[in-house]
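Per this note's numbering, residue 7 is the first one in the sequence shown, and the count goes up by one each step.
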Amino acid sequence: MRHISSDVVVVGAGPAGSLAARTAAENGVHVLLLEEHPKVGLPVFCAEGLSLKGIEDAGLEPKPPIVCQEILKARVYAPDKNYVDLTSSGWKGYTLNRDAFDSALAEKAVMAGVELRTSTKVTDVIREGDEIVGVRALDDDGSLEVKSKVVIGADGHASIVRIRSGFLRWFPDVTPCAQFRLGGLELENPEINECYIGRKIAPGGYAWVFPKSSEIANVGVGVRRYNDGPSIDYLRKFVDSDPRFRDAEILLVNGGLCPTSGTIDRIVDNGVMLVGDAAGQLIPLTGAGIHLAVMAGKMAGEVAAEAVEEGDASAEKLQRYVHRFDDIWGKPITDSRKIVEMLDKFEDADLNTLASILSSDDILNIANGTNVGRTLAKLVTRAPRGIIRLMQAYLR
Ligand SMILES: Cc1cc2nc3c(=O)[nH]c(=O)nc-3n(C[C@H](O)[C@H](O)[C@H](O)COP(=O)(O)OP(=O)(O)OC[C@H]3O[C@@H](n4cnc5c(N)ncnc54)[C@H](O)[C@@H]3O)c2cc1C
Numbered sequence: 007m008r009h010i011s012s013d014v015v016v017v018g019a020g021p022a023g024s025l026a027a028r029t030a031a032e033n034g035v036h037v038l039l040l041e042e043h044p045k046v047g048l049p050v051f052c053a054e055g056l057s058l059k060g061i062e063d064a065g066l067e068p069k070p071p072i073v074c075q076e077i078l079k080a081r082v083y084a085p086d087k088n089y090v091d092l093t094s095s096g097w098k099g100y101t102l103n104r105d106a107f108d109s110a111l112a113e114k115a116v117m118a119g120v121e122l123r124t125s126t127k128v129t130d131v132i133r134e135g136d137e138i139v140g141v142r143a144l145d146d147d148g149s150l151e152v153k154s155k156v157v158i159g160a161d162g163h164a165s166i167v168r169i170r171s172g173f174l175r176w177f178p179d180v181t182p183c184a185q186f187r188l189g190g191l192e193l194e195n196p197e198i199n200e201c202y203i204g205r206k207i208a209p210g211g212y213a214w215v216f217p218k219s220s221e222i223a224n225v226g227v228g229v230r231r232y233n234d235g236p237s238i239d240y241l242r243k244f245v246d247s248d249p250r251f252r253d254a255e256i257l258l259v260n261g262g263l264c265p266t267s268g269t270i271d272r273i274v275d276n277g278v279m280l281v282g283d284a285a286g287q288l289i290p291l292t293g294a295g296i297h298l299a300v301m302a303g304k305m306a307g308e309v310a311a312e313a314v315e316e317g318d319a320s321a322e323k324l325q326r327y328v329h330r331f332d333d334i335w336g337k338p339i340t341d342s343r344k345i346v347e348m349l350d351k352f353e354d355a356d357l358n359t360l361a362s363i364l365s366s367d368d369i370l371n372i373a374n375g376t377n378v379g380r381t382l383a384k385l386v387t388r389a390p391r392g393i394i395r396l397m398q399a400y401l402r
């Protein structure tokens with residue numbers, strides 16, 4: 007067994023981990039970033055959509071190879087195939103090359119002084135009394151013990167740091183997703199991200215077509231009530247139903263799991279913090295988590311450095327990170343989760359009605375978890391009684 011130490015150890019070099027590591031290093035402490043895979047960013051489990059703001063907040067520029075397609079709007083299809091176009095002035099998004107994005111973030115962390123170790127899988131945390139004081143890991147040379155003042159678990163939805171530190175073991179709700187990267191397409195509008203809702207298409211979730219160019223797109227389905235069948239079955243049905251995909255070539259099969267129940271109740275303890283998917287920091291309705299992972303990573307890295315400087319990594323001190331995160335993202339996440347639960351009650355016919363009375367701004371607010379209360383209150387003035395009844399629990 008080899009023994010090393012660092013002020014801060016970050017587990018997982020996804021967006022949350024690289025931003026946490028970089029920010030802590032920029033604030034003057036020594037940081038070790040451990041990634042289980044040999045190459046940061048691979049494999050990719052993502053539809054690769056991100057706003058320009060998300061890219062900028064990560065400290066990157068929207069240039070190839072980080073991005074491959076500019077996105078100008080999202081088109082949401084109701085079950086009856088009527089659609090609403092979503093855009094707002096000044097908004098711009100991109101389809102990323104997620105491997106290049108993640109790898110650029112890790113590079114920036116290294117440039118800030120972070121020590122990155124790939125092919126290093128964390129297997130446990132080290133506990134002394136009621137404090138987490140490091141992690142155990144396996145790399146190509148065998149076992150490794152890393153002692154640290156703060157551990158940041160940025161190791162995704164199946165976080166070993168979360169499980170072994172005594173936090174909630176698993177999320178109350180998750181959305182399993184299946185995705186094909188399809189090639190050989192001739193998309194007319196590659197600058198539009200398409201989303202399809204409806205119980206038949208994707209119960210409790212949605213199907214998406216996120217173009218990477220006019221020839222290539224990420225086509226996927228997330229299905230929350232997976233008892234109805236696995237998401238891959240819904241994906242095959244969705245792809246078969248669209249003539250644009252008839253001659254497509256499947257370039258990649260991936261997918262993954264989105265924790266869609268909202269941030270778990272406790273995400274810091276003595277000597278340890280959770281960030282990104284590990285903490286459930288994702289917008290439940292859309293499954294968008296990259297921007298939140300970036301922002302949470304920055305905040306956690308800042309607070310970890312403060313804790314090291316002040317010689318106090320107690321849960322109470324680390325709670326500052328939770329306050330900073332919740333001040334900005336707490337309400338959008340909880341409101342978005344309420345919308346998910348509300349929409350569970352909607353049959354396809356109700357969704358058609360809802361889509362016909364919602365404006366583009368209303369849908370954007372609902373999708374992003376912003377101004378949700380006001381948007382629903384406004385809806386009551388023009389929604390049919392049946393829809394108001396379904397919204398009732400949320401309006402109270
Ligand atoms: C199918 C699908 C599509 C999605 N599409 C989008 C989208 O279009 N836009 C969007 O914003 N969000 C999307 N998301 C969500 C988004 O991918 C996540 O929210 C985001 O990646 C979270 O970042 P993270 O850094 O917290 O975790 P991750 O990106 O999961 O990174 C975790 C890192 O930790 C590493 N790791 C795990 N365990 C260990 C261990 N024991 N030891 C060492 N390293 C470890 C992993 O290898 C990985 O590199 C999608 C999710 C899925 C599943």
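Cβ atoms here follow ideal geometry from the backbone N, Cα and C, with glycine treated the same way.
- At a cut-off of 6 Å, the beta-carbon of Val128 counts as near ligand 1: some heavy atom of the ligand is closer than that.
- In this chain, the alpha helix (DSSP H) harbouring Phe107 covers 104-117.
- Val167 and Val131 have their C-alpha atoms some 6 Å from each other.
- Asp253 is not a Cβ neighbour of Ala321, given a cutoff of 7 Å.
- Here the C-alpha atom of Ser267 lies approximately 15 Å from the C-alpha atom of Cys183.
- Checking the 6 Å criterion, the Cβ of Asp145 is out of range of every heavy atom belonging to ligand 1.
- In the three-state DSSP reduction, Pro249 falls in the helix class (H, G or I).
- Note on Lys69: under 16 other CB atoms within 10 angstroms of its CB, so exposed under the neighbour-count rule.
- In the three-state reduction of the DSSP assignment, His329 falls in the helix class.
- By the Cβ neighbour-count rule, Met117 is exposed, with fewer than 16 other Cβ atoms within 10 Å of its own.
- Rounded to whole angstroms, the gap between the alpha carbons of Pro249 and Lys243 is 12 Å.
- When C-beta atoms of the segment 150-160 are compared with those of the segment 15-28, three or more pairs fall below 8 Å, so the two segments count as touching.
- Val73 is not a Cβ neighbour of Gly277, given a cutoff of 7 Å.
- Asp130: member of the beta strand (DSSP E) spanning 127-134, first to last residue.
- Secondary structure of Val167 (DSSP, three-state): helix.
- Out of Arg8, Phe331, Lys323, the CA that lies nearest to the CA of Glu151 is found in Arg8.
- In the three-state scheme derived from DSSP, where H, G and I count as helix and E and B as strand, Asn88 is classed as coil.
- Runs of alpha helix (DSSP H) with 4 or more residues, each lying fully within the segment 196-271, are found at 237-246, listed in chain order.
- A Cβ-Cβ separation of about 14 Å leaves Ala389 out of contact with Ile369 under the 8 Å criterion.
- Under the three-state reduction of DSSP, Ile138 is assigned to strand.
- In terms of Cβ geometry, Arg326 and Val309 form a close pair [threshold 7 Å].
- With respect to Val259, Leu241 sits apart: the two C-beta atoms are not nearer than 7 Å.
- At the C-beta level, Tyr83 and Tyr202 come within 7 Å of one another.
- Taken atom to atom, the span from the alpha-carbon of Asn224 to that of Phe51 is near 11 Å.
- DSSP lists no beta-bridge partner residue for Gly172.
- Using a C-beta cut-off of 8 Å, the segment 20-29 makes contact with the segment 102-114, since at least three inter-stretch Cβ pairs fall below that distance.
- Within the model, the alpha-carbon separation for Ile222 versus Ser165 is close to 32 Å.
- In the pairwise beta carbon analysis, the segment 347-367 is classified as touching the segment 80-97: at least three pairs are separated by under 8 Å.
- Annotation: Pro21 is outside any beta strand (DSSP E); the continuous alpha helix (DSSP H) that includes it extends over 21-32.
- Around the Cβ of Gln398, a 10 Å sphere holds fewer than 16 other Cβ atoms; the residue is exposed.
- For the options Val386, Ile77, Ala294, Asn88, the alpha carbon positioned closest to that of Ala373 is the one of Ala294.
- DSSP places Ile77 in the strand class (E or B) of the three-state scheme.
- Ile296 carries a helical assignment under DSSP once its states are collapsed to helix, strand and coil.
- For Met279, the three-state secondary structure derived from DSSP is strand.
- When the alpha-carbon of Leu38 is set against those of Ile334, Val141, Thr292, the nearest one is in Val141.
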